[in-house]
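Residue numbers (my numbering): 31 to 545.
Just so you know, even glycine gets a beta-carbon here, dropped at the ideal spot from N, CA and C.
Keep in mind it's a predicted model, so treat the numbers as computed, not measured.
Contents: one structure, followed by commentary.
Right, here's the structure in full:
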């Protein structure tokens with residue numbers, strides 16, 4: 031092979047591996063200048079008139095046009111110029127291949143970018159779908175929980191109604207027995223225990239109804255130590271034997287708060303249940319009530335007191351603590367928690383003008399400190415008297431209640447107090463007695479929940495007859511309200527009540543009635 035041809039071929043083979051157009055052209059031009067004496071080769075300018083040889087570099091995209099050979103081409107050995115022309119043609123193929131490779135690389139990059147973009151879009155869509163699925167499941171769970179709570183509420187309301195009827199009978203019989211025995215006898219002590227048990231049972235009913243959201247909020251001045259002591263009585267029965275309960279609830283002076291006592295007990299119970307679940311292997315639960323005096327967020331000093339509930343359980347990580355009071359957030363195993371307990375606590379405390387501090391760390395237990403604004407202790411008030419009200423003067427009283435024991439108990443106690451008593455067991459019998467006896471009835475004791483015709487319907491019918499007779503509405507339902515029937519001639523008396531309380535109310539209503 032011609033040595034020049036060999037060198038040009040080797041050059042072109044090497045240049046076929048170079049990816050830079052500028053390096054390919056520069057290397058080719060330099061090599062030709064070096065290999066062939068007497069001539070130089072360079073790019074021809076556009077529109078240039080060149081007296082020497084011009085060789086076109088024909089590529090599909092016409093990126094490069096012609097090369098010019100400067101020098102005396104007639105003095106070149108035979109075959110050199112054709113060899114050079116062939117080399118330039120091969121150079122054009124190399125440049126064309128580079129162009130195609132560049133196009134392919136650009137297309138590949140474009141496709142890769144498009145794939146990445148679509149992959150990112152699909153990933154985002156997948157994340158959004160997963161979030162929608164999670165939210166849908168949470169919504170379904172919330173709906174199931176709401177339906178469950180509604181069912182529990184209905185059940186609790188019915189249980190409370192029946193239970194309050196029974197407590198009314200027990201409390202009334204205990205009060206009547208107390209009147210008949212000497213105050214210093216052993217029987218009197220037993221009766222006192224019975225009445226205290228009735229009071230505790232009433233508190234249990236209220237707690238049950240609070241959990242089912244069937245109880246109206248009733249705020250009034252309460253001693254925080256006393257409220258927590260009553261809550262601890264229920265709490266002790268719900269803790270397993272491997273958890274020690276240490277209580278410190280005797281602050282002096284006792285802090286007073288304007289609050290719903292049952293809701294505060296719910297705060298204690300929810301925090302205690304949360305602590306119990308963090309100590310499955312056992313531990314210590316501490317409950318304390320203390321006065322304190324932290325600064326409020328506004329900078330003014332507000333006297334506060336605090337309820338402290340601490341445990342020696344597993345503790346919580348910062349990530350868990352960040353979501354602690356969110357509804358339905360729980361770290362407990364499936365079917366072991368609803369994620370509502372601490373959310374309810376936060377809602378109650380916030381509604382009472384307080385706030386909660388949490389100190390916790392994994393493996394170090396948790397301490398919840400509930401701060402509540404205090405109020406001045408109210409002046410001591412006389413305990414409600416259980417003495418019988420002043421005797422009646424033969425006034426006719428109509429008693430309507432479908433619960434036979436309560437109806438007969440009320441009737442006998444009123445009769446023994448000097449009243450003439452008529453009885454009815456349902457709504458129809460009530461209206462028949464009203465129509466028959468008319469204005470000879472001085473007062474009506476009317477239960478809300480009656481068969482055949484409800485108590486409030488009977489009350490409306492009585493008023494529709496133009497009767498201004500005083501009516502005492504009694505009810506074992508926690509949701510009963512007088513509504514548009516409330517006036518100074520109609521009062522509501524919730525069950526359980528004391529017979530003496532009913533007697534005083536009857537006397538007061540008759541005394542206020544026009545002659």
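Proximity of residue i and residue j at Cβ, strictly below 9 Å
i, j, result
"residue 334", "residue 392", "no"
"residue 269", "residue 337", "no"
"residue 377", "residue 402", "no"
"residue 471", "residue 529", "no"
"residue 502", "residue 476", "yes"
"residue 291", "residue 250", "yes"
"residue 487", "residue 468", "no"
"residue 65", "residue 34", "yes"
"residue 74", "residue 98", "yes"
"residue 289", "residue 353", "no"
"residue 396", "residue 302", "no"
"residue 284", "residue 407", "yes"
"residue 489", "residue 504", "no"
"residue 308", "residue 344", "yes"
"residue 208", "residue 218", "yes"
For residue j and residue i, believed in contact at Cβ under 8 Å, the rounded distance
i, j, result
"residue 286", "residue 253", "6 Å"
"residue 258", "residue 298", "6 Å"
"residue 445", "residue 454", "Contact flag wrong, Cβ pair sits at about 15 Å."
"residue 492", "residue 474", "7 Å"
"residue 58", "residue 45", "6 Å"
"residue 211", "residue 221", "7 Å"
"residue 85", "residue 115", "6 Å"
Close Cβ partners of residue i (< 6 Å) along its chain, the five nearest in sequence each way excluded
i, result
"residue 38", "117"
"residue 278", "318"
"residue 149", "none"
"residue 399", "336, 338 and 387"
"residue 228", "197, 200 and 201"
"residue 543", "500"
"residue 364", "Any reading at residue 364 must be qualified, since the residue scores a pLDDT of 48, below 50, and its modelled position is unreliable; the value itself is stated next. Cβ neighbours of residue 364 beyond the five flanking positions: none."
"residue 521", "502"
Contacting residues, own chain, Cβ-Cβ under 7 Å from residue i (five flanking each side not counted)
i, result
"residue 195", "433, 436, 506 and 525"
"residue 61", "41"
"residue 152", "none"
"residue 51", "125 and 128"
"residue 248", "290"
Cβ shell of residue i (< 8 Å), same chain only, five flanking positions each side left out
i, result
"residue 351", "388 and 390"
"residue 101", "68, 69, 70 and 82"
"residue 422", "444, 447, 448, 449, 536, 537 and 540"
"residue 47", "none"
"residue 327", "With a pLDDT of only 44 at residue 327, under 50, the local geometry of the prediction cannot be trusted, and no value is derived from it."
"residue 484", "457 and 478"
**Report entry** Secondary structure, beta strand (DSSP E): runs of 3+ residues fully inside the segment 407-463
**Finding:** Counting only runs of 3 or more residues that sit fully inside the segment 407-463, the beta strand (DSSP E) segments are 426-430 and 450-454, in chain order.
**Report entry** the segment 420-428 contacting the segment 439-451, beta-carbon criterion three pairs below 8 Å
**Finding:** Contact holds: three or more Cβ-Cβ distances are below 8 Å.
Requested in this report: Taking only runs that begin and end inside the segment 264-303, name each unbroken beta strand (DSSP E) of 3 or more residues, in chain order.
Outcome: The segment 264-303 contains these whole beta strand (DSSP E) runs: 273-278 and 286-289.
Query - Whole beta strand (DSSP E) elements within the segment 32-71, 3-residue minimum - result: Segments of the beta strand (DSSP E) lying fully in the segment 32-71: there are none.
Query raised in the report: Using 8 Å as the Cβ pair cut-off and three pairs as the minimum, do the segment 307-315 and the segment 269-289 touch?
Result: The segment 307-315 and the segment 269-289 touch, with no fewer than 3 CB-CB distances between them shorter than 8 Å.
**Report entry** Within the segment 130-183, ranges of the alpha helix (DSSP H) (whole runs, at least 4 residues)
**Finding:** Considered as a whole, the segment 130-183 harbours no complete run of any alpha helix (DSSP H) with no fewer than 4 residues.
Query raised in the report: With a cut-off of 8 Å, do at least 3 Cβ pairs link the segment 138-157 to the segment 110-126?
Result: No: the two stretches stay apart, fewer than three of their Cβ pairs being nearer than 8 Å.
**Report entry** Completely contained alpha helix (DSSP H) runs for the segment 484-539, where each covers 4 or more residues
**Finding:** Within the segment 484-539, the runs of alpha helix (DSSP H) at least 4 residues long that lie entirely inside it are, in chain order, 485-494.
Report task. Starting from the N-terminal side, write out each stretch of the beta strand (DSSP E) that is 3 residues or longer and does not extend beyond the segment 92-132. Result -> Taking only runs of at least 3 residues, the beta strand (DSSP E) segments lying wholly in the segment 92-132 are 96-101.
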